[in-house]
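Asker:
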Amino acid sequence: MSLSQLFTEIEQTEWVNIPSGWLQGRTIYGGLVAGILMHKALITIADSAKYLLSTSITFVGPVQESKARLTAEILRQGKSVTTIEVRLWQDEAVQSILIASFGTQRASSIQVHQECIAPDYPAPEHLVKPLQHEAMPQCYRQFDVSWAEGQYPCTASETPDFGGWCRFNPEQHENREFSVADLMILMDIWPPGVLPMFKTLAPASSLTWHVTYVHPVQHQLQDWFKYKVFTDYAADGYSTESAHLWDAENRLIAISRQTVTVFS
1332 MSLSQLFTEI EQTEWVNIPS GWLQGRTIYG GLVAGILMHK ALITIADSAK
1382 YLLSTSITFV GPVQESKARL TAEILRQGKS VTTIEVRLWQ DEAVQSILIA
1432 SFGTQRASSI QVHQECIAPD YPAPEHLVKP LQHEAMPQCY RQFDVSWAEG
1482 QYPCTASETP DFGGWCRFNP EQHENREFSV ADLMILMDIW PPGVLPMFKT
1532 LAPASSLTWH VTYVHPVQHQ LQDWFKYKVF TDYAADGYST ESAHLWDAEN
1582 RLIAISRQTV TVFS
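Residue numbers for the sequence shown, in the working numbering: 1332 to 1595.
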């Protein structure tokens, strides 16, 4: 099932089939879960005048490769901002929750532009992509990911963090107009910033994820994006990190913050 087919199913019914090919360990890749929830939010809001401002996701429990039910509730619809909650259910239990705010532009005299500058990475065709390995999660086959700085995961690095390029794998996904649901799916493919410090393979997974959108998504599905992560703090089995995503023209698209559970 392609992403377009999945999104069409979300538009037509409350129950959806989680497609194959997206496993991340024993659960479904969190980015796909976030994209499913976001598409449900988009079709429920159904207002092209309101664009996504920010969203928060809590991964309550593991999502399995089976049927899931999606429910959506508009919590408040104001003149400028609409806030919505979407839940994904399996086995009669909530497994993931999304809360998102959509809004229209408003007149304001306040203008601040202090966003992080995009790193000057070599073009993706000049970088070596990590080789597919049996230990890599299945979901990585859906994307092209190229490291431009920092160490690979599980290499016993003394420092965390990395950056590089990412896009949907053209061999797996036909080109089409890019949506914010697609962006949620793509942005989460990067592992937690502390993973280069792991000495051996061990789990790490997102607990909460907050994304703020800066510039609107006006791209194609096969376009490249730059990503860079910074770990603020890690101890006692949890880490807190922030990350930025730019397009190929160095426009800041989104800012991410995550709390990650660490099993190493």
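All C-beta atoms, glycine included, are put in the ideal place defined by N, C-alpha and C.
1. Please classify C1485: does DSSP put it in a helix, a strand, or coil?
2. According to DSSP, which residues form a beta bridge with S1333?
3. Might you give, ordered along the chain, the residues of its own chain that have their beta carbon closer than 6 Å to the beta carbon of A1598, omitting 5 neighbours on each side?
4. Any contact between the stretch 1574 to 1586 and the stretch 1553 to 1560? By contact I mean 3 or more CB pairs, one from each, below 8 Å.
5. So the beta strand (DSSP E) K1371 belongs to, where does it begin and stop?
6. Tell me the start and end of each unbroken beta strand (DSSP E) in the stretch 1438 to 1472 that is at least 3 residues and wholly inside, in chain order.
7. Fully enclosed by the stretch 1470 to 1537, which alpha helix (DSSP H) runs are 4 residues long or longer?
8. Pick out whichever of L1458, R1472, R1498 has its Cα sitting closest to the Cα of E1480.
9. Below 8 Å between beta carbons: does that hold for L1517 and G1362?
10. Measure the CB-CB distance between F1509 and H1550 and report whether it falls below 8 Å.
11. What did DSSP end up calling T1435 once you bin it into helix, strand or coil?
12. Is F1433 near L1368, with beta carbons less than 8 Å apart?
13. Within 8 Å, do at least three Cβ pairs link the stretch 1443 to 1461 to the stretch 1518 to 1525?
14. Would G1495 be called buried (16 or more neighbouring beta carbons within 10 Å of its own) or exposed?
15. Taking the alpha-carbon positions, what's the E1416 to V1364 distance?
16. So what's Q1408 in DSSP terms, helix, strand or just coil?
17. With three or more C-beta pairs closer than 8 Å as the rule, is the stretch 1381 to 1401 touching the stretch 1535 to 1545?
18. What would DSSP say about Q1553, mapped onto helix, strand or coil?
19. How long is the line joining the alpha carbons of N1581 and G1568, rounded to whole angstroms?
20. Per DSSP, what are the beta-bridge partners of F1594 in this structure?
21. Contact check, H1546 vs L1583 under 8 Å by CB: the rounded distance?
22. Of the residues E1502, V1511, R1507, P1350, which one's Cα is nearest the Cα of Y1544?
Answerer: Taking the definition as stated:
1. In the displayed model, C1485 falls within coil according to three-state DSSP, outside both helix and strand.
2. As DSSP reads the structure, S1333 sits in no beta bridge.
3. The chain is shown from 1332 up to 1595; residue 1598 falls before or after that span and cannot be answered.
4. Touching, per the Cβ criterion.
5. In the DSSP assignment, K1371 falls outside any beta strand (DSSP E) and lies within the alpha helix (DSSP H) extending over 1361 to 1376.
6. Here no run is fully enclosed.
7. Taking only runs of at least 4 residues, the alpha helix (DSSP H) segments lying wholly in the stretch 1470 to 1537 are 1511 to 1518.
8. Put simply, of L1458, R1472, R1498 the residue whose alpha carbon is nearest the alpha carbon of E1480 is L1458.
9. Taking the C-beta atoms as reference points, G1362 is found nearer than 8 Å to L1517.
10. Going by C-beta atoms, F1509 is nearer than 8 Å to H1550.
11. Three-state DSSP puts T1435 in coil, outside helix and strand.
12. Using a Cβ distance threshold of 8 Å, F1433 and L1368 do not count as a contacting pair.
13. No, the stretch 1518 to 1525 does not touch the stretch 1443 to 1461.
14. Burial state of G1495 is buried, judged by a 10 Å Cβ sphere holding 16 or more other Cβ atoms.
15. Per the coordinates, the alpha-carbon of E1416 lies some 14 Å from the alpha-carbon of V1364.
16. Residue state, collapsed to three classes: strand.
17. Verdict: yes, contact present.
18. Three-state result, Q1553: coil.
19. Spanning the alpha carbons of N1581 and G1568 requires a straight line of approximately 34 Å.
20. According to DSSP, F1594 bridges with nothing at all.
21. Sure, about 6 Å apart at Cβ, within 8 Å.
22. Per the Cα distances, V1511.
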